[in-house]
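Chains D and E, in that order, give the protein sequences.
Take the first sequence: its position 109, counting from 1, is numbered 1286 in our numbering, and each next residue is one higher.
Take the second sequence: its position 37, counting from 1, is numbered 75 in our numbering, and each next residue is one higher.
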Amino acid sequence: NAGVTQTPKFRVLKTGQSMTLLCAQDMNHEYMYWYRQDPGMGLRLIHYSVGEGTTAKGEVPDGYNVSRLKKQNFLLGLESAAPSQTSVYFCASSWRGPGNQPQHFGDGTRLSIL
Amino acid sequence: DQQVKQNSPSLSVQEGRISILNCDYTNSMFDYFLWYKKYPAEGPTFLISISSIKDKNEDGRFTVFLNKSAKHLSLHIVPSQPGDSAVYFCAASDYGGATNKLIFGTGTLLAVQP
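Following this line, the structure appears as structure tokens:
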């Protein structure tokens, strides 16, 4: 049982390049989330989805887009990468909303923008 | 505006002693609280949670206490073991409220000395 799988694990981009981070979960969870973790900032929510075909903005959505075409996958896109987007990105999923159930996290994608 | 605060960036304790990690929150609408543990290069893993209808929840060596009037929660680990050395995040949610999101603190690095 893989749980939540994130690809790639590491990536270096140049400013202005685009890329997509993939998150896949095999637990049939309805809710999926993308967070970023920066030093001294904890985890901050970028975007989330409450089900297939739905997306919503989190605390820090600017510069990112997401899609949830299939229930098991949640994609995070950077259209034009900026150095401020250098961070560790975590995907998470849960069966129900965050108010009464813990989220399961992937191991993260470390992204550097030069 | 930091709604969930962990004011101690780090904590060092001796093996076998009690570890107490603290967390304060400002939003009185928060009604579900969680602690996550994170090892380097891994994603956060769920440790223990508490609903606002309780003031204590226990799971083995881990106990979470909630003081709603003080807007304060704490995680007690007894006895502490070297394998407990990790970053601990507290998080809070207002289920069904305006955010429907999980708000994380900045984390406390616990070091358990053998």
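No residue lacks a Cβ here, since even glycine has one placed at the ideal position from N, Cα and C.
Inter-residue CB distance, residue i and residue j (contact presumed, cutoff 8 Å)
i	j	result
L148 of chain E	L59 of chain E	7 Å
D1284 of chain D	Q1249 of chain D	That pair is no contact at about 17 Å.
S118 of chain E	V51 of chain E	5 Å
L1252 of chain D	T1184 of chain D	Going by Cβ atoms, the distance from L1252 of chain D to T1184 of chain D rounds to 11 Å, so no, they are not a contact pair.
Residue i and residue j closer than 8 Å at C-beta
i	j	result
C1268 of chain D	M1218 of chain D	no
G1254 of chain D	V1243 of chain D	yes
T1191 of chain D	T1286 of chain D	According to the sequence shown, residue 1191 of chain D is Lys rather than Thr. Not in contact: K1191 of chain D and T1286 of chain D (Cβ atoms no closer than 8 Å).
D62 of chain E	K109 of chain E	yes
Beta-carbon proximity list for residue i, same chain, < 7 Å, skipping 5 on both sides
i	result
L1220 of chain D	Y1212, Q1214 and F1267
P152 of chain E	E53 and P120
V1189 of chain D	S1289 and L1291
G145 of chain E	Q44, V125, Y126 and F127
H1206 of chain D	S1270, S1271 and W1272
T1182 of chain D	A1201 and G1283
P47 of chain E	T146 and L147
Y77 of chain E	A124
T1263 of chain D	L1288, S1289 and I1290
Contacting residues, own chain, Cβ-Cβ under 8 Å from residue i (five flanking each side not counted)
i	result
G1230 of chain D	R1245 and L1246
L1222 of chain D	Y1210, W1211, Y1212, G1235, E1236 and V1237
Q1280 of chain D	Y1208, Y1210, A1269, S1270 and S1271
Cutoff 6 Å; reference residue i; Cβ partners in own chain excluding five residues on either side
i	result
L140 of chain E	A129 and S131
S1257 of chain D	G1193
D93 of chain E	L104
N65 of chain E	Q41
I88 of chain E	F71, N95, V102 and L104
- Listed from N- to C-terminal order along the chain, which residues in the region 1260-1283 of chain D have their beta-carbon within a distance smaller than 7 Å of any beta-carbon of chain E? For chain E, the residues of the region 1260-1283 of chain D that bring a beta carbon within less than 7 Å of one of its beta carbons are F1267, G1274, P1275, G1276, N1277, P1279, Q1280, F1282 and G1283, in chain order.
- Do three or more CB pairs link the region 70-84 of chain E to the region 1272-1280 of chain D at distances below 8 Å? With contact defined as three or more Cβ pairs closer than 8 Å, the region 70-84 of chain E and the region 1272-1280 of chain D are in contact.
- Message: Short of 7 Å Cβ to Cβ, which residues in the region 1206-1222 of chain D face chain E?
- Response: Residues of the region 1206-1222 of chain D whose Cβ lies closer than 7 Å to any Cβ of chain E, in chain order: G1217, M1218, G1219, L1220 and L1222.
- Task: Using a Cβ-Cβ cut-off of less than 8 Å, list which residues of the region 1236-1260 of chain D approach chain E; keep chain order.
- Result: Listed by position along the chain: E1236.
- Message: Under 8 Å, CB to CB, which of the residues in the region 54-72 of chain E have a partner in chain D?
- Response: Residues passing the 8 Å Cβ filter: D69, Y70 and L72.
- Message: Against chain D, which members of the region 76-90 of chain E pass a CB distance test of less than 8 Å?
- Response: Legend: CB atoms of the region 76-90 of chain E lying less than 8 Å from CB atoms of chain D belong to residues A79, E80, G81, P82, T83, F84, S87 and S89.
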